[in-house]
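Chemist:
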Amino acid sequence: MTNLVTGATGTVGRQVVAELLARGQSVRALTRDPAKTEFPAGVEVVRGDLTDPASLAAALEGVTGLHLITFGGPYLAPLETGPRIMELAREAGVRRVTVLHGGGPSPLEDAVRASGLAWTVVMPVEFMANALEWAERITAGGEVREPFVGRLSAMVHEGDIGAVAAVALTEDGHGGQEYVITGPEVLTLQDKVDALAAASGRKIRLVELTEEEAVAQWRAGGLPEDVIGFLLEAYGNTPAVGRTVADTVEKVTGRPARTFAEWSAEHADAFGG
Ligand SMILES: NC(=O)c1ccc[n+]([C@@H]2O[C@H](COP(=O)([O-])OP(=O)(O)OC[C@H]3O[C@@H](n4cnc5c(N)ncnc54)[C@H](OP(=O)(O)O)[C@@H]3O)[C@@H](O)[C@H]2O)c1
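Here is the structure:
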């Protein structure tokens, strides 16, 4: 029983790898550049590119569980290769597939749903790891600069996304499910800043940006216009699903979802703690 994890060098994929290992599973990690990254002992690293399905054939040999991402390039360019990838997966004998939902329509996700295999769509809300984007400014100047400071988020620990995916890949009963995955509480930006301050022992000030100032900051950081539009919508008009606690983590894994205080303690170093 081997599991192939795509996006394995990424925020969520690393956690899927770790959770599968913790469950005693055999894990193969896909990357376009095996020389670039290190994986924990016991992980078999394979080269492959999701935009080139032929490059996946060898990686899929003997695989029964497959974790997929929906994008294949900079700024989450949607993959168009889903139908061919799923054909190869069926030929290889894959039984269970998890797919990390990208927040919008996806040809790859459509192909997974149509595959006839036991698929599970993993739908996380905002990742706690997004807070790492604040690390530099916090360590340099003790500030977080954000628009829409009243926004609410049920942000999720990426380890809990990995844990839900690992269960769905290795146990029966999760086929045909769409799992919304959240943390255990709804937080304001001030709550997040307070948790980071407590964990790092630093004073951190939350500075509210106007929409125009935020757009200028994102443009200066090189974000394309469509990503900026997405952020304005996600932050300025967060959908109910992003600010409502779901009990998926506990139901699927048997463990309570981890808090942002726990995440902050684990990552205190990155914030100068
Ligand atoms: N951030 C959030 O708050 C949030 C919330 C909900 C959903 N999401 C969704 O989560 C996803 C992002 O996940 P993430 O943050 O874990 O990703 P990430 O950290 O940005 O990592 C990207 C991964 O994709 C792999 N990759 C990219 N193009 C590839 C290709 N052509 N072939 C093979 N592998 C490729 C990279 O592998 P190599 O470079 O090693 O090849 C890397 O492992 C997106 O779909 C996003 O919409 C994000």
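Following full-length UniProt numbering, the numbering of the sequence shown begins with 1 at its first residue and continues without gaps.
C-beta atoms are modelled at their ideal positions from N, C-alpha and C, and glycine is treated no differently.
With which residues is Arg47 paired in a DSSP beta bridge?
Modeler: The residue you call residue 47 lines up with position 47 of the sequence shown. BP columns for Arg47 point to Thr31.
Chemist: Could you tell me whether the Cβ atoms of Leu4 and Leu88 are closer together than 8 Å?
Modeler: For the purposes of this step, residue 4 is taken as residue 4 along the sequence shown, with counting starting at 1. For the purposes of this step, residue 88 is taken as residue 88 along the sequence shown, with counting starting at 1. Result no, Cβ atoms of Leu4 and Leu88 do not sit closer than 8 Å.
Chemist: Note the first and the last residue of the continuous beta strand (DSSP E) segment covering Arg243.
Modeler: Taking the sequence shown and counting its residues from 1, one reaches residue 243 at position 243. Looking at the DSSP string, Arg243 is not in any beta strand (DSSP E), and its letter there is neither H nor E.
Chemist: I'd like to confirm something about Val125: is its beta-carbon nearer than 7 Å to some heavy atom of ligand 1, or not?
Modeler: Taking the first residue of the sequence shown as 1, we reach residue 125 at position 125. Yes, since a heavy atom of ligand 1 falls inside the 7 Å radius drawn around the Cβ of Val125.
Chemist: Please classify Thr9: does DSSP put it in a helix, a strand, or coil?
Modeler: Position 9 of the sequence shown holds residue 9. Coil.
Chemist: Would Thr70 and Val97 be called neighbours here (beta carbons separated by less than 8 Å)?
Modeler: Numbered from 1 along the sequence shown, position 70 holds the residue referred to as residue 70. Numbered from 1 along the sequence shown, position 97 holds the residue referred to as residue 97. For Thr70 and Val97, no; Cβs fall outside 8 Å.
Chemist: Within this structure, are the beta carbons of Ala8 and Arg14 separated by less than 8 Å?
Modeler: The residue you call residue 8 lines up with position 8 of the sequence shown. The residue you call residue 14 lines up with position 14 of the sequence shown. In this structure, Arg14 lies closer than 8 Å to Ala8 by Cβ.
Chemist: With DSSP as the reference, label Val217 as helix, strand or coil.
Modeler: Taking the first residue of the sequence shown as position 1, residue 217 is located at position 217. In the sequence as presented, Val is not what sits at residue 217; that position holds Gln. Helix.
Chemist: If you pair each beta-carbon of the stretch 72 to 84 with each one of the stretch 177 to 197, do three or more pairs fall below 8 Å?
Modeler: Verdict: no, contact absent.
Chemist: With respect to 7 Å, is the separation between the Cβ of Asn3 and the closest non-hydrogen atom of ligand 1 below this value?
Modeler: For the purposes of this step, residue 3 is identified with residue 3 of the sequence shown, where counting begins at 1. Flag unset: Cβ of Asn3 not near ligand 1.
Chemist: By the 10 Å Cβ neighbour count, where 16 or more other Cβ atoms means buried, how is Asp226 classified, buried or exposed?
Modeler: As a position in the sequence shown, residue 226 is number 226, starting the count at 1. Answer is exposed; the Cβ neighbour count stays below 16.
Chemist: May I ask whether a heavy atom of ligand 1 can be found less than 7 Å away from the beta carbon of Phe148?
Modeler: The count along the sequence shown starts at 1 and reaches residue 148 at position 148. Checking every heavy atom of ligand 1 against the Cβ of Phe148, none is found closer than 7 Å.
Chemist: Name the residue from Leu79, Ala129, Val125 whose alpha carbon lies nearest to the alpha carbon of Leu50.
Modeler: Locating residue 50 in the sequence shown gives position 50, where the first residue counts as 1. Of the candidates Leu79, Ala129, Val125, the one whose C-alpha sits nearest the C-alpha of Leu50 is Leu79.
Chemist: Could you pull out every residue in the same chain whose Cβ sits closer than 8 Å to the Cβ of Thr64, ignoring the five residues on either side in sequence?
Modeler: Taking the sequence shown and counting its residues from 1, the one referred to as residue 64 is at position 64. Counting only Cβ-Cβ distances below 8 Å, and skipping sequence neighbours, we find Met1, Thr2, Asn3, Gly93, Val94, Arg95, Arg96.
Chemist: Please indicate yes or no: does the CB of Ala35 lie closer than 7 Å to some heavy atom of ligand 1?
Modeler: One-based indexing of the sequence shown puts residue 35 at position 35. Incorrect: Ala35 has no Cβ contact closer than 7 Å to ligand 1.
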